[in-house]
Amino acid sequence: MGMRLLQITDTHLFSNGGETLLGLDTGASFQSVVDLACREFPAPDAVLATGDLAQDASLPAYRDLAAGLERIGAPVYWIPGNHDDQSVAAAALSDPFFRPERSFLLGRWQVVLLDSAVPGHVGGRVSERELERLERCLAAHPGHHALVTLHHQPVPVGSRWLDALGLDNAEALFGVLDRHANVRVLLWGHVHQEYRDRRGGLELISSPSTCLQFRPGSRDFSIDEAHPGFRWLELHDDGRFDTGVVRLREFVYIPDKGAVGY
Ligand SMILES: [Fe+2]
Numbered sequence: 001m002g003m004r005l006l007q008i009t010d011t012h013l014f015s016n017g018g019e020t021l022l023g024l025d026t027g028a029s030f031q032s033v034v035d036l037a038c039r040e041f042p043a044p045d046a047v048l049a050t051g052d053l054a055q056d057a058s059l060p061a062y063r064d065l066a067a068g069l070e071r072i073g074a075p076v077y078w079i080p081g082n083h084d085d086q087s088v089a090a091a092a093l094s095d096p097f098f099r100p101e102r103s104f105l106l107g108r109w110q111v112v113l114l115d116s117a118v119p120g121h122v123g124g125r126v127s128e129r130e131l132e133r134l135e136r137c138l139a140a141h142p143g144h145h146a147l148v149t150l151h152h153q154p155v156p157v158g159s160r161w162l163d164a165l166g167l168d169n170a171e172a173l174f175g176v177l178d179r180h181a182n183v184r185v186l187l188w189g190h191v192h193q194e195y196r197d198r199r200g201g202l203e204l205i206s207s208p209s210t211c212l213q214f215r216p217g218s219r220d221f222s223i224d225e226a227h228p229g230f231r232w233l234e235l236h237d238d239g240r241f242d243t244g245v246v247r248l249r250e251f252v253y254i255p256d257k258g259a260v261g262y
């Protein structure tokens, strides 16, 4: 058996539990997804929380996130999304379960978390400093397979409105990744939907939110009826991996048809 990772993304929690995002109680759906993760994947090796952790960047929202993710009982590594405030999040997400490191080794794998959030902007960008750190991390462990994760999508996922809000400098990111054949997985959140493609030997993967889902292939903002969920990954020593998405089986939410944004 390989190393097991869970990706929990785009939780969009509020300071007041019970507050809703376009009619969806993000706190309740987050707790239900954590319950499901605990049942189906007990004792994973690590959790990746990949941004948009709070909708309102408030301390109580991050505290609720901490209380929920701690139930999984594994170290949690995190990155901010466009809705987050990094320093407020860091104040709430502390030891023993929350880890400040933005890279770590797990068996024969290295995981590198990149900050793509740009304060005041919905779209993302990986700074020169982050790109240099990525290069250093990958160069330091050429014998490890690598999984790289960030919040924003580095490739278009096929929705016009959402792809205008992706990663601004994806070429620069791929410029680094393409120099390292040991990078197997590039993983992100932000798009609130499952997506998978390949770029040479690199698998490009996105995952559902624990709350609202965006409809794949839509020109304009559109909510999908797919249920909230999370992604699991099992990383094998030889560089292969297995992955899948698990969604809540029972979930009642009537999408607000008139919504034009979130
Ligand atoms: Fe999000």
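So the sequence shown is numbered by full-length UniProt numbering: it starts at 1 and just counts up by one.
Note that beta-carbon positions come from the ideal geometry of N, C-alpha and C, so glycine has one too.
The structure presented is a predicted model; accordingly, all values stated were derived computationally and were not measured.
Review point. So, Leu235 versus Leu5, is the Cβ gap smaller than 9 Å?
Key: yes
Exercise for review: Quick one: which unbroken alpha helix (DSSP H) runs of 4-plus residues sit fully inside the segment 139 to 202? Chain order, please.
Suggested key: Secondary structure in the segment 139 to 202: the alpha helix (DSSP H) runs of 4 residues or longer, each lying completely within the stretch, are 160 to 163, 170 to 177 in chain order.
Check your understanding: So is His121 buried or exposed if we call it buried at 16+ other beta carbons inside 10 Å?
Key -> exposed
Check your understanding: Would the C-beta of Gly2 count as close to ligand 1, meaning under 8 Å from any of its heavy atoms?
Key -> No; taking the cut-off as 8 Å, the Cβ of Gly2 has no heavy atom of ligand 1 nearer than that.
Review point. Should Gly51 be listed as close to ligand 1, given that the test is whether its C-beta is under 8 Å from any heavy atom?
Key: yes
Practice item. Find the nearest neighbour of Ala170 within the set Ser207, Phe14, Val118, Pro154, judged by alpha-carbon distance. Key: Pro154
Practice item. Could you tell me if Pro42 is buried or exposed, where buried requires 16 or more neighbouring beta carbons within 10 angstroms of its beta carbon? Key: exposed
**Study point:** 9 Å Cβ cutoff met for Ser103 and Leu113
**Key:** Yes, Cβ-Cβ distance for Ser103 and Leu113 is below 9 Å.
Exercise for review: For Asp163, I'd like the list of residues in its chain whose CB is within less than 7 Å of its CB, leaving aside the five on either flank, ordered along the chain.
Suggested key: Around Asp163: Pro156, Val157.
Review point. Residue ranges of each beta strand (DSSP E) run of no fewer than 3 residues wholly in the segment 68 to 136, ordered along the chain?
Key: 76 to 79, 103 to 106, 109 to 113
Exercise for review: Quick one: give me the first and last residue of the beta strand (DSSP E) that Leu235 is part of.
Suggested key: For Leu235, the enclosing beta strand (DSSP E) has its first and last residue at 229 to 235.
Practice item. State the Cα-Cα distance for the pair Arg133 and Asp168, rounded to the nearest angstrom. Key: 18 Å
Practice item. Compute the beta-carbon to beta-carbon distance between Pro208 and Ala226, rounded to the nearest angstrom, for a pair I have assumed lies under 8 Å. Key: 7 Å
Practice item. Return no unless some Cβ of chain B is closer than 9 Å to the Cβ of Arg133. Key: Note that chain B does not occur in the displayed structure, where there is just one protein chain.
Practice item. Quickly, what does DSSP pair Met3 with across the bridge? List them, please. Key: Leu235
Exercise for review: Compute the distance between the beta-carbons of Gly27 and Asp64, then report whether it is under 9 Å.
Suggested key: In contact: Gly27 and Asp64 (Cβ atoms closer than 9 Å).
Check your understanding: So, helix, strand or coil for Leu48, using DSSP?
Key -> strand
Review point. For Gly261, is the beta carbon positioned less than 8 Å from some heavy atom of ligand 1?
Key: no
Check your understanding: Relative to ligand 1, is the shortest distance from any of its heavy atoms to the C-beta of Gly81 smaller than 8 Å?
Key -> yes
Exercise for review: Kindly indicate which three-state DSSP category Leu212 falls into: helix, strand or coil?
Suggested key: The answer is coil: DSSP assigns Leu212 none of H, G, I, E or B.
Check your understanding: Can you give the Cα-Cα distance for Leu150 and Asp242, rounded to whole angstroms?
Key -> 20 Å
Practice item. Can you have a look at Asp95 and say buried or exposed, based on whether 16 or more other CB atoms are within 10 angstroms of its CB? Key: exposed
Review point. Is it right to say Leu147 is buried, meaning 16 or more other beta carbons lie within 10 angstroms of its own, or is it exposed?
Key: buried
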